[in-house]
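Residue numbers (my numbering): 2 to 344. Where is the CB? At the ideal position from N, CA and C, for every residue including glycine.
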């Protein structure tokens, strides 16, 4: 056989590894699921843990997706993002308590309606809070990362104290809507109904964000702003308004994630957002700055790994996601699907 001529198409000269490289993050998720299938002796247990991991990953994605856009577009290190998660949880639960007649009914339609009211109420509250947070706290420290860390962390502490003032210092235990309690049996596996709902909501949010970013003019401006903000402004677009809009949307998504996370754990506290920030930052970092797709895949990896390892070796679960982040960054230092270069 003769060697390929120099003018041969580049695709023909690419190795299999090079061709598969763009799909490597997705393949990694599949390999992790296969690892769980092999390592976990019972297929039904694997299925239960997989659905639980997907649900957990979807909720982490919802909370982290807004933050990754803020990172990529605005170059803002917002340690106060967890405040929106906590506020969203408390506002959402307040709505659910007001709609107790609907959540206590056995009708799935009434239960989902009550959830939607709580979700939209939480998103409206945290979106408004995000507008004020950006205007008062973030705007004065654009371009100063150390100051951003200090003032946003201070904002988080202030919001946590305000939550304690308004709702009290005690943990609030909540119950899920009646029709979403319990589990269904599928191939011998017990799958909680609420986790299926969480997976569905997460997929809808991901597809909606992808559609907005890929198919609309606003999304085009956001993506262009991530790549080269100065050029977007030179073309006459008011990127400052885009910044504010992205920050508000990210805050609203954190509020949505807070409602889902609170119902997932069935308890809410003023510090729950702060506690979830570790997982959120891990997902943002391994996914790649500004990448919704990378954030989505990273969240799935974190959720699946957490559940598999917690079942196999509970003590190792505490450090499993840190190990995942280290391994990903050694493989791809800018994250799995980076949109912008590290700044």
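> Going by the beta-carbon positions, is the gap between residue 287 and residue 325 smaller than 8 Å?
Replying inline: Going by C-beta atoms, residue 287 is nearer than 8 Å to residue 325.
> Quick one: is the Cβ of residue 240 within less than 7 Å of any heavy atom of the ligand GDP?
Replying inline: In the structure shown, the ligand GDP is absent, as is every other ligand, since no ligand is present at all.
> What residues match up with residue 101 in a beta bridge as DSSP calls it?
Replying inline: DSSP lists no partner for residue 101.
> Under the rule that 16 or more other beta-carbon atoms within 10 Å means buried, what is residue 229, buried or exposed?
Replying inline: When all chains shown are included, residue 229 counts as exposed.
> Looking at the unbroken beta strand (DSSP E) that takes in residue 192, where does it start and where does it end?
Replying inline: The continuous beta strand (DSSP E) containing residue 192 extends over residues 190 to 193.
>> Could you check whether residue 81 and residue 253 sit closer than 8 Å to each other, using their CB atoms as the reference points?
In response: Contact flag unset, no.
> How many Å lie between residue 139 and residue 249 at the Cα?
Replying inline: The straight-line gap from Cα to Cα measures roughly 12 Å.
> What three-state label does DSSP hand residue 238 in the structure shown?
Replying inline: DSSP, read as helix, strand or coil, puts residue 238 in coil.
> Apart from the five residues just before and just after residue 306, which ones in its own chain have a Cβ nearer than 7 Å to its Cβ?
Replying inline: Same-chain partners within the cutoff: 33, 321, 322 and 325.
>> Under 8 Å, with one C-beta from each stretch per pair, do the region 171 to 182 and the region 253 to 268 reach the 3-pair mark?
In response: Touching, yes, given that three or more Cβ pairs across the two stretches are closer than 8 Å.
> Between residue 17 and residue 101, what straight-line distance do the alpha-carbon atoms span, to the nearest angstrom?
Replying inline: In a straight line, the C-alpha of residue 17 is about 57 Å away from that of residue 101.
> What span of residues does the beta strand (DSSP E) with residue 185 cover, start to end?
Replying inline: Run containing residue 185: 184 to 187, per the beta strand (DSSP E) assignment.
>> Can you list, in chain order, the residues of its chain with a C-beta nearer than 6 Å to that of residue 362? Leave out the 5 residues immediately preceding and following it.
In response: Since the first and last residues shown for the chain are 2 and 344, residue 362 lies out of range.
> Hey, how far is the Cα of residue 315 from the Cα of residue 218?
Replying inline: If I take the Cα positions, the gap works out to 47 Å.
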